[in-house]
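**Q** Can you keep this structure in mind? I'll have questions shortly.
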Amino acid sequence: MSGQPAQTPAPYVSPGPQTTAFEVLERTTPAFSFYGVLARFVQWLERSGRTLVIALPFLWLGLFFLAPFLIVLKLSFSETVLAVPPYAPLVAWLEENGLSYLTVRLNLSNYLLLFEDSLYVRAFLNSLRISAVATFLTLCVALPLANAMSRAPERWRALLLMMVILPFWTSFLIRVYAWIGILKPEGILNAVLIGLGVISEPLTILNTDIAVYIGIVYSYLPFMVLPIYASFEKMDPSLIEAAVDLGSPPIKAFWTITVRIALPGIIAGCLLVFIPAAGEFVIPDLLGGSETLMIGRTLWLEFFNNRDWPLASAVAIVLLAALTVPIVLFQRHQARRGGADGAS
Amino acid sequence: MTAPDLPAALAPDARLPAEPWNDPKATPLIKIRNVIKRFDGFVAVDDVWLDIYKGEFFSLLGPSGCGKTTLLRLLAGFEQPTSGTIEIDGVDMAGVPPHRRPVNMMFQSYALFPHMTVEQNVGFGLKQEHVSRREISRRVGEMLELVQLADLGRRRPHQLSGGQKQRVALARALIKRPKLLLLDEPLGALDRRLREQTQFELVNIQETLGLTFIIVTHDQDEAMTVSTRIAIMDRGRTVQVGTPGEIYEYPNSLYVAGFVGDVNVFEGRVVEAGKDHVTVRSPESGCDIYTDRGIDAVPGQEAYAAIRPEKIEIGKAPPADARFNCVTGRVFDIAYLGSLSTYHVRLATGEVVKVSAANRSRLVERPITWEDQVWLWWPPSASVVLLS
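Note that the protein sequences, when read in sequence, are chains A and B. Residue numbers for the first sequence follow the working numbering, so the first one is 1 and each next one is one higher. Residue numbers for the second sequence follow the working numbering, so the first one is 345 and each next one is one higher.
Encoded structure:
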């Protein structure tokens with residue numbers, strides 16, 4: 001190293017007398033050279049690429065959620081007419097005294113009818129009640145199930161998880177139909193119970209609220225189990241041991257430590273069951289009785305039997321508004337807690 | 345400290361109670377009798393018999409998978425022994441669930457409750473006993489004072505550093521004044537400097553409160569520093585139980601000698617064995633090794649002579665008496681560690697001997713360097729003869 005004379009390569013080529021002004025520019029400001037342009041393009045891509053990535057889901061939601069929602073919202077303010085489609089346009093040109101007017105007619109009678117006719121109010125409250133009870137029952141089944149799954153040996157967990165998800169591979173409709181075969185008076189359940197001598201008369205379960213509860217608990221159980229299992233599974237098992245070690249009986253430690261820490265997962269599971277169950281149509285229609293009044297079914301009847309699209313739309317909008325409230329409350333709650341539970 | 349001398353905590357110290365394990369009249373606080381724990385055909389704890397006395401700071405030391413944590417969990421009650429009995433303060437613990445045992449545990453992960461503040465975490469144990477709120481707050485305050493966290497009571501675990509979390513976990517485990525505190529690798533997650541500082545604090549707290557600690561560790565320096573006694577474990581068994589000094593100076597097997605500290609081992613055969621001395625002839629060393637401590641062996645028996653690197657003298661001239669315990673070779677490597685240097689000397693037989701010497705003078709004046717011919721010698725008290 002020391003034997004070689006220092007030969008520092010020139011870092012900057014000074015413009016000789018014969019170089020043109022453009023060549024100097026190209027050499028000194030990369031913006032004009034080919035690579036400079038390329039670099040600028042990549043920079044632009046980097047900057048806007050982020051925007052593109054974020055824009056995609058927005059585009060999707062806008063196209064498949066917001067647009068249909070706006071159509072339904074518009075419909076709910078229309079008037080019912082006997083025509084195809086069965087509603088009057090909101091916006092119309094009106095010719096009067098030689099002048100043209102652009103008129104927008106908002107018809108609020110659909111919403112007023114919802115609150116005047118006790119049928120809709122009852123259907124709403126009944127839906128919320130059935131959905132709340134069913135959510136609670138689902139939680140009662142899901143908590144011990146998720147707990148057992150999270151404590152199972154590691155090699156069993158994937159299999160257990162698979163078994164929870166497996167019913168999704170069959171059509172929802174077929175699975176609900178299958179329950180008719182189980183629950184009907186001459187069905188499997190009654191046959192087994194009578195065969196065992198537990199009962200002498202067949203139980204009337206089908207076409208009652210109980211059948212609806214069974215249907216909802218069965219259909220929505222995975223939505224409850226999965227988030228709760230996820231929160232249980234990532235929890236440090238020594239937390240509960242620490243609580244027991246400090247004198248808390250195991251059952252109490254389960255409630256005060258495990259369940260308390262898994263609360264966000266439990267709330268998420270409850271929302272995932274409560275919200276679709278409140279608008280459920282198939283289960284009350286197939287398993288419920290004629291007196292099982294639920295808003296999803298009312299909506300369906302309004303839409304297809306009465307062909308009252310605007311009223312059906314109004315029902316849908318009110319249902320959506322009513323169900324948005326718990327979600328917003330939950331998200332606020334989550335935001336307030338911030339990272340408190342994230343860094344456990 | 346790579347080659348620890350007798351640690352301060354072990355030196356004859358007035359603060360320590362007279363060694364209760366040498367007192368035949370003393371009753372142990374914990375009696376572990378023939379405890380075996382099997383998991384699916386795998387024996388995690390294999391016939392362990394231990395007596396641990398009140399006020400001890402007892403270490404279970406061994407590599408991972410040696411059963412030390414399982415033994416701790418058996419004491420805490422999270423596992424039940426397959427056979428054997430565990431007695432704590434005269435009470436058989438069989439069938440006593442963990443929440444009713446007079447034992448608390450500090451977990452390796454600390455296991456702080458993330459949804460509670462530091463105060464609530466520390467007070468958790470008292471709350472389970474329905475102690476009044478005022479009393480809880482007073483004792484939590486005291487305990488936080490003891491672990492020097494008095495101003496962090498309102499924080500949540502995720503707002504604490506690793507060292508602070510460790511203190512909260514300690515305070516939480518101590519607040520019920522358990523008869524026995526179990527610590528599972530309590531300092532494993534801390535960096536070296538903090539770990540050394542915390543070791544001394546742990547000993548101080550243990551002595552201040554007069555409690556009995558059992559600590560699980562795989563770190564031999566840690567065990568040497570804090571313990572009154574150490575149990576070295578290997579594959580579920582306790583291979584040696586003794587004070588740090590006994591373990592270091594008089595290991596009973598090559599496994600123990602190699603696990604605690606550095607050691608040179610010469611394989612050979614017993615030439616002569618008496619009540620107070622043994623001579624081992626080792627072709628590896630090229631000299632006879634004379635030890636002034638007798639063992640139960642017959643001439644011709646295979647034996648190992650183990651010598652700690654810091655007990656060997658190194659010099660460029662042969663010692664006056666070179667009949668025993670003296671070998672010669674060439675320095676082929678020197679590890680400079682600041683306070684001391686470790687010389688790797690290759691003997692004519694090919695064997696490499698490690699010698700560590702304190703660097704009393706500056707490095708520039710170093711008298712011994714690479715490729716020097718050196719003589720190594722040691723007194724008869726330096727070596728230990730092992731049969732396995």
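Glycine included, C-beta positions come from ideal geometry on N, C-alpha and C.
To which residues of the same chain is B:Thr561 closer than 7 Å at the C-beta, ignoring the five residues directly before and after it?
**A** Counted from its first residue, the second sequence places residue 561 of chain B at position 217. Excluding sequence neighbours, B:Thr561 sits near Ser403, Leu405, Glu529, Ala567.
**Q** Between B:Trp722, B:Leu681, B:Pro627, which has its C-alpha nearest B:Arg652's C-alpha?
**A** Looking up residue 652 of chain B in the second sequence gives position 308. Out of B:Trp722, B:Leu681, B:Pro627, B:Trp722 has the C-alpha closest to the C-alpha of B:Arg652.
**Q** Got a sec: is the Cβ-Cβ distance from B:Glu529 to anything in chain A below 8 Å?
**A** Start at 1 with the first residue of the second sequence, and residue 529 of chain B comes out as number 185. B:Glu529 does not count as touching chain A.
**Q** According to DSSP, what are the bridge partners of B:Ala617?
**A** Here the question's residue 617 of chain B lines up with position 273 in the second sequence. Answer is B:Val622, bridged to B:Ala617.
**Q** Could you give the residue range of the beta strand (DSSP E) that holds B:Asn448?
**A** Here residue 448 of chain B refers to the residue found at position 104 when the second sequence is read from its first residue. Segment 447-450, the beta strand (DSSP E) holding B:Asn448.
**Q** May I ask you to list the residues that DSSP assigns as paired with B:Lys381?
**A** For the purposes of this step, residue 381 of chain B is taken as residue 37 along the second sequence, with counting starting at 1. According to DSSP, B:Lys381 bridges with B:Val389.
**Q** Among all the DSSP beta bridges, which residues are the ones paired with B:Arg478?
**A** One-based indexing of the second sequence puts residue 478 of chain B at position 134. Paired residues: none, contrary to the question.
**Q** Mind checking if B:Pro458 is an interface residue toward chain D, Cβ cutoff 8 Å exclusive?
**A** The structure shown contains no chain D; its protein chains are A and B.
**Q** Which runs of the alpha helix (DSSP H) spanning at least 4 residues fall entirely within the region 533-618 of chain B, listed in chain order?
**A** Within the region 533-618 of chain B, the complete alpha helix (DSSP H) runs of at least 4 residues are 536-553, 564-570, 588-593, 598-603.
**Q** Is the CB of A:Glu154 under 8 Å away from at least one CB in chain B?
**A** Translated into the one-based positions of the first sequence, residue 154 of chain A becomes position 154. Not closer than 8 Å to any Cβ of chain B, the Cβ of A:Glu154 fails to qualify, so no.
**Q** Would the beta-carbon of B:Leu418 fall within 8 Å of that of B:Val440?
**A** In the second sequence, the residue the question calls residue 418 of chain B occupies position 74. In the second sequence, the residue the question calls residue 440 of chain B occupies position 96. No, the Cβ-Cβ distance between B:Leu418 and B:Val440 is not below 8 Å.
**Q** Which class does B:Cys670 belong to by DSSP, given the choice of helix, strand or coil?
**A** If you number the second sequence from 1, residue 670 of chain B lands on position 326. Of the three classes helix, strand and coil, the one that applies to B:Cys670 here is strand, per DSSP.
**Q** Look up A:Phe124 in the DSSP assignment and say whether it is helix, strand or coil.
**A** What you label residue 124 of chain A is simply residue 124 of the first sequence in a count that begins at 1. Note: A:Phe124 maps to helix in three-state DSSP.
**Q** Closest by CA to B:Ala692, which one among B:Arg537, B:Gly580, B:Val675?
**A** Locating residue 692 of chain B in the second sequence gives position 348, counting from the first residue. Considering only alpha carbons, the answer is B:Val675.
**Q** Report the residue ranges of all alpha helix (DSSP H) runs contained in full by the region 254-341 of chain A; include only those spanning at least 4 residues, in chain order.
**A** 263-278, 282-287, 295-300, 309-337
**Q** Can we say the region 494-502 of chain B touches the region 514-528 of chain B, given the rule of at least three CB pairs closer than 8 Å?
**A** no
**Q** Is there a C-beta anywhere in chain B that falls below 8 Å from the one on A:Pro326?
**A** Stepping through the first sequence from its first residue, residue 326 of chain A is reached at position 326. Chain B, which has no Cβ nearer than 8 Å to the Cβ of A:Pro326, makes this no.
**Q** Contact between the region 85-95 of chain A and the region 235-244 of chain A is defined here as three or more beta-carbon pairs at a separation below 8 Å; is this criterion met?
**A** no
**Q** Give me the residue from A:Met294, A:Tyr229, A:Glu280 with the minimum Cα distance to A:Ile165.
**A** For the purposes of this step, residue 165 of chain A is taken as the residue at position 165 of the first sequence. Checking every option, the nearest Cα to that of A:Ile165 belongs to A:Tyr229.
**Q** Does the region 544-555 of chain B come within contact of the region 365-373 of chain B, defined as at least 3 CB pairs closer than 8 Å?
**A** no
**Q** Would you mind telling me which residues of chain B sit closer than 8 Å to A:Gly265, beta carbon to beta carbon, in chain order?
**A** The count along the first sequence starts at 1 and reaches residue 265 of chain A at position 265. The premise fails here: A:Gly265 is roughly 13 Å from chain B at the closest Cβ pair, so nothing lies under 8 Å.
**Q** If you measure beta-carbon to beta-carbon, which residues of the region 391-406 of chain B are closer than 8 Å to chain A?
**A** Going along the region 391-406 of chain B in chain order, one finds no residue with a Cβ nearer than 8 Å to chain A.
**Q** So for B:Ser727, helix, strand or coil by DSSP?
**A** As a first step, residue 727 of chain B is located in the second sequence; it is residue number 383 there, counting from the start. Secondary structure at B:Ser727: strand, using DSSP grouped into helix, strand and coil.
**Q** Does A:Val244 have its Cβ less than 8 Å from a Cβ in chain B?
**A** Within the first sequence, numbered from 1, the residue matching residue 244 of chain A stands at position 244. Answer yes: the Cβ-Cβ gap between A:Val244 and chain B drops below 8 Å somewhere.
**Q** Quick check on B:Lys375: does DSSP put it in helix, strand or coil?
**A** For the purposes of this step, residue 375 of chain B is taken as the residue at position 31 of the second sequence. Looking at B:Lys375 - three-state DSSP - the assignment turns out to be strand.
**Q** Any idea which residues DSSP pairs B:Ser427 with across the strands?
**A** For the purposes of this step, residue 427 of chain B is identified with residue 83 of the second sequence, where counting begins at 1. According to DSSP, which records beta bridges pairwise, B:Ser427 is partnered with B:Ile380.
**Q** Note down the Cα distance separating A:Pro249 from B:Asp535, rounded to an integer number of angstroms.
**A** Position 249 of the first sequence, counted from the start, is the residue given in the question as residue 249 of chain A. Position 191 of the second sequence, counted from the start, is the residue given in the question as residue 535 of chain B. Near 35 Å, if we compare the C-alpha coordinates of B:Asp535 and A:Pro249.
**Q** Please classify B:Ala649 as buried or exposed, where buried requires at least 16 other C-beta atoms within 10 Å of its C-beta.
**A** The sequence position of residue 649 of chain B within the second sequence is 305, counting from 1. So B:Ala649 counts as buried.
**Q** Along chain A, which residues have their Cβ under 9 Å away from the Cβ of B:Gly532?
**A** For the purposes of this step, residue 532 of chain B is identified with residue 188 of the second sequence, where counting begins at 1. Simply none; closest approach about 14 Å.
**Q** What three-state label does DSSP hand B:Arg521 in the structure shown?
**A** If you number the second sequence from 1, residue 521 of chain B lands on position 177. Here B:Arg521 sits in coil by DSSP.
**Q** Which residue or residues does DSSP assign as beta-bridge partners of A:Tyr87?
**A** To locate residue 87 of chain A, count along the first sequence from 1; it is residue 87. Its beta-bridge partners are A:Thr80.
**Q** Taking only beta-carbon atoms, is A:Ile261 less than 8 Å away from chain B?
**A** Counting from one through the first sequence, the residue named residue 261 of chain A turns up at place 261. Yes, A:Ile261 counts as interfacial toward chain B.
**Q** Should B:Arg573 be labelled buried (16 or more other beta-carbon atoms within 10 Å of its own) or exposed?
**A** Here residue 573 of chain B corresponds to residue number 229 of the second sequence, with the count starting at 1. Its Cβ being crowded by 16 or more others within 10 Å, B:Arg573 is buried.
**Q** Helix, strand or coil for A:Leu38? Go by DSSP, reduced to three states.
**A** Translated into positions along the first sequence, residue 38 of chain A becomes position 38. Note: A:Leu38 maps to helix in three-state DSSP.
**Q** Going by beta-carbon coordinates alone, are B:Leu514 and B:Met450 separated by less than 8 Å?
**A** Here the question's residue 514 of chain B lines up with position 170 in the second sequence. Here the question's residue 450 of chain B lines up with position 106 in the second sequence. In this structure, B:Met450 lies closer than 8 Å to B:Leu514 by Cβ.
**Q** How about A:Ile182 and A:Glu280: are their beta carbons less than 8 Å apart?
**A** Mapped onto the first sequence, residue 182 of chain A falls at position 182. Mapped onto the first sequence, residue 280 of chain A falls at position 280. With contacts defined as CB atoms closer than 8 Å, A:Ile182 and A:Glu280 fail to qualify as a contacting pair.
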